[in-house]
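Everything in the sequence shown is counted per our numbering, starting at 6 for the first residue and increasing by one.
Working notes, structure below.
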Amino acid sequence: LIVDGEKTPSRKEYITEELIDYALEFVKEKRANPFCIYLSLKAVHHRWLPPRDLKGTYSDIKDLHLPPEADNWIGLVDNHIIYGTFGVLEQMYRGYCETILAIDREVGRLLDYLDASGLADNTVVIYAGDNGIYWGEHRLVDKRFAYEEVIRVPFLFRYPKIIEKPGERLSQMVLNIDLAPTVLELAGLKIPGNMQGTSMLPLLASKDVTWRNSWLYEYFLDFPYTVPAMYALRTENYKYIEYESGCYSPEVYNIASDPGEKKNLYGTKLAGQILPKLQQELIRLKKETGVPGM
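This is the structure in structure tokens:
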């Protein structure tokens, strides 16, 4: 690790445990001002390695509830064997679940201390992910295509001072770019006019506010992965995906009736009726967010 600019040997074998230890030490320091921690845990990442004591926790589980289209030889894209599962999809998925179990345990240590020390009621805790992953859905093991399994990420918010209904699940489409303006408003600071995203505080306080009804997904070429660059529009009921260079056909899904995105409506009569509006909205968002060439 780099600690205060110095290379520092790890004190623990497992990085997640090490990082939580640092977080706990920081929280326990005596201070006059509020503290802020940005704690980034990367353990739930390829190659999905759990700590020794949790390895094998799910080895006896036979039915992993993988999607019916999954098999042990799924790759990043069709016929692409360089980056794939190499016949061990189920083994990889068990490691993934065991790694999540380790994250839950270690984050729990930090939350338990906040509770025990009396800090919880006056501490904002935000737990967010940056992407999901396909375990065979759409015949993929990946995180780049714009399907729901990847773009619907964890975003949990705990702050007893303002949240009147703990445990409530909001239906509005909240994005990770909403995090910064939310934290700035919580701190009583002005949100810069050029900052994308919207403060979530009114939603968290159960206020009736006007919220976004569409948003833009963008993926750019990222060597060596053979996933094409793409843009996608997500609305409350529909998704439209278009790929650069024409290597894939466009896709249109009715998320409300087909949440698994099994039926591409592109080329159908229904898609013909709604597609112009979706394309127009996608162009608008590209311009609004500064996509080059728009």
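All residues carry an ideal CB built from backbone N, CA and C; glycine is no exception.
Since the model is a prediction, treat every value here as computed from it, not as a measurement.
- For Arg239, the CB contacts under 6 Å within the same chain, skipping 5 residues up- and downstream, are Trp220 in chain order.
- Residues of the same chain with a CB within less than 8 Å of the CB of Asp126, apart from the 5 flanking positions on each side, are Pro165, Lys166 in chain order.
- In the three-state DSSP reduction, Lys17 falls in the coil class, being neither helix nor strand.
- If you draw a straight line from the Cα of Ser211 to the Cα of Glu169, it is about 7 Å long.
- In the DSSP annotation of this structure, the continuous segment of the alpha helix (DSSP H) that includes Tyr118 starts and ends at 94-121.
- Membership of Ala276 in the alpha helix (DSSP H) is indicated by the continuous run 274-294.
- Exposure of Ile7 is indicated by the presence of fewer than 16 other C-beta atoms within 10 angstroms of its C-beta.
- Selection Lys268, Lys33, Asp263 evaluated against Ser122 yields Lys33 as nearest (Cα-Cα).
- Check the Cα spacing between Ala48 and each of Pro229, Gln96, Asp109: the tightest is with Asp109.
- In the same chain as Leu270, and ignoring 5 residues on each side of it, the C-beta atoms closer than 6 Å to its own belong to Val257, Ala276, in chain order.
- Annotation for Met97: Trp53, Thr90 place their beta carbon closer than 7 Å to its own, counting only its chain and skipping 5 residues before and after.
- Proximity of the region 188-205 to the region 149-157 falls short of the contact definition, fewer than three beta-carbon pairs being nearer than 8 Å.
- A direct Cα-to-Cα measurement between Leu44 and His50 gives close to 16 Å.
- Pairwise C-beta distances place the region 180-200 out of contact with the region 278-290, as fewer than three of them are shorter than 8 Å.
- With fewer than 16 other beta carbons inside 10 angstroms of its own, Trp78 counts as exposed.
- If the five residues before and after Pro233 are omitted, its C-beta is found closer than 7 Å to the C-beta atoms of Tyr248, Glu249, Ser250, Cys252, Tyr253, all from its own chain and listed in chain order.
- Per the C-alpha coordinates, the member of Arg99, Tyr222, Ile66 positioned closest to Met235 is Tyr222.
- Judged by DSSP in its simplified three-state form, Phe160 adopts strand.
- Within the same chain, Cβ atoms closer than 7 Å to the Cβ of Ile279 are found at Tyr243, the five residues on either side in sequence being excluded.
- Taken atom to atom, the span from the alpha-carbon of Arg149 to that of Tyr224 is near 7 Å.
- Short of 7 Å from the beta carbon of Leu180, and not among the five residues preceding or following it, lie these beta carbons of its own chain, in chain order: Gly202, Trp220.
- In the DSSP assignment, Ala237 falls outside any alpha helix (DSSP H) and lies within the beta strand (DSSP E) extending over 235-240.
- In the same chain as Tyr101, and ignoring 5 residues on each side of it, the C-beta atoms closer than 8 Å to its own belong to Val49, Trp53, Ile138, Trp140, in chain order.
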